[in-house]
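Take the sequence shown: its position 166, counted from the start at 1, is 166 in UniProt numbering, and no numbers get skipped.
Note that beta-carbon positions come from the ideal geometry of N, C-alpha and C, so glycine has one too.
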Amino acid sequence: MSVTTILMTGDDGDVFGDFDHGDVQYVFGRLTPAGPGRLIEGPICAFIDWVLTDMSGLEMCRRLRADPRTSSAHITMILESCDAEDKRRALAAGADDYIVGPVDRTAVLDRVLALGTGRSGTAALKTFTLGELEIDMDALQARWADKPISLRPNEFRLLRYFAENADRVLSRDDLIEGLGKQEPPIDERTVDVWIGRLRRALRAAGAGEPIRTVRSLGYVYDSH
1 MSVTTILMTG
11 DDGDVFGDFD
21 HGDVQYVFGR
31 LTPAGPGRLI
41 EGPICAFIDW
51 VLTDMSGLEM
61 CRRLRADPRT
71 SSAHITMILE
81 SCDAEDKRRA
91 LAAGADDYIV
101 GPVDRTAVLD
111 RVLALGTGRS
121 GTAALKTFTL
131 GELEIDMDAL
141 QARWADKPIS
151 LRPNEFRLLR
161 YFAENADRVL
171 SRDDLIEGLG
181 KQEPPIDERT
191 VDVWIGRLRR
201 ALRAAGAGEP
211 IRTVRSLGYV
221 YDSH
């Protein structure tokens, strides 16, 4: 089954449940100024509120276009009213479309399905590079200085999430949410097991210890 990621700037990204339609699974995630709250998989559809707490929706739209992970996302601006000038500004900031809010889960899914069952959006970044680390999304393979890193699927996705959020301290809850592992819930100690395996794999590939423990807070992938 393929995956389409739906990012939302409001709390709905945490509340709306995932949806299966044919051979596509639509997964919701929250979008914050720090970026996506979960690992991005497949085509991306982003819904941005016109007014946000920390910035304007227009600025969020510009940030998405500047971020390699989300630059090709299909962006819909959620306007507060049917104002022609607001529509013009949304499109000028990089939005592909707009809709007058408020919106519910059904309205969002209807809009995404109308795009072509998730296939009209562009898939997430195919290759991610951070220093000596290269992650090939299609091949599900990570390399350090061209040397393959032997990883199980969960550790591969964990490394992706760490690398895409490098230099940011991530709690165990952040990692669980980022990997979409809330339902069914997993024990936080399972995260520690995954990280232990990931660290051993990185050391074996010559990467050293890029994942650092921050006491009482979580873990951070140091990019330098």
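The segment 81–97 makes no contact with the segment 131–146, as fewer than three CB pairs between them are under 8 Å.
Taken in chain order, the unbroken stretches of beta strand (DSSP E) that lie wholly in the UniProt domain "Response regulatory" (1–116) and span 3 residues or more are 2–8, 19–21, 24–32, 44–49, 74–79, 97–100. For K147, the pairing in a beta bridge is given by DSSP as W144. Excluding the 5 residues flanking it on each side, V214 has same chain C-beta neighbours closer than 7 Å at V169, V220, in chain order. Excluding five sequence positions before and after F28, the CB atoms of its chain that fall closer than 7 Å to its own CB belong to I6, M8, G13, F16, D18, given in chain order. With respect to L202, L175 sits apart: the two C-beta atoms are not nearer than 9 Å. Inclusion of A163 and G206 in the CB contact set at 9 Å is not warranted, their separation being larger than that value. Per DSSP, G218 is one residue of the beta strand (DSSP E) stretching across 218–221.
Within 10 angstroms of the beta-carbon of R212 lie fewer than 16 other beta-carbons, which makes it exposed. Checking the DSSP bridge columns, you'll see R212 partnered with V220.
The shortest C-alpha to C-alpha distance from P68 to any of D20, L130, R200 is the one to L130. By the neighbour-count criterion, in which 16 or more other beta carbons inside 10 Å mark a residue as buried, M60 falls on the buried side.
Our two residues, A93 and G57, have alpha carbons roughly 9 Å apart in a direct line.
Taking a contact as a CB-CB distance under 8 Å, the pair E155 and R88 does not count as one, their CB atoms being some 46 Å apart.
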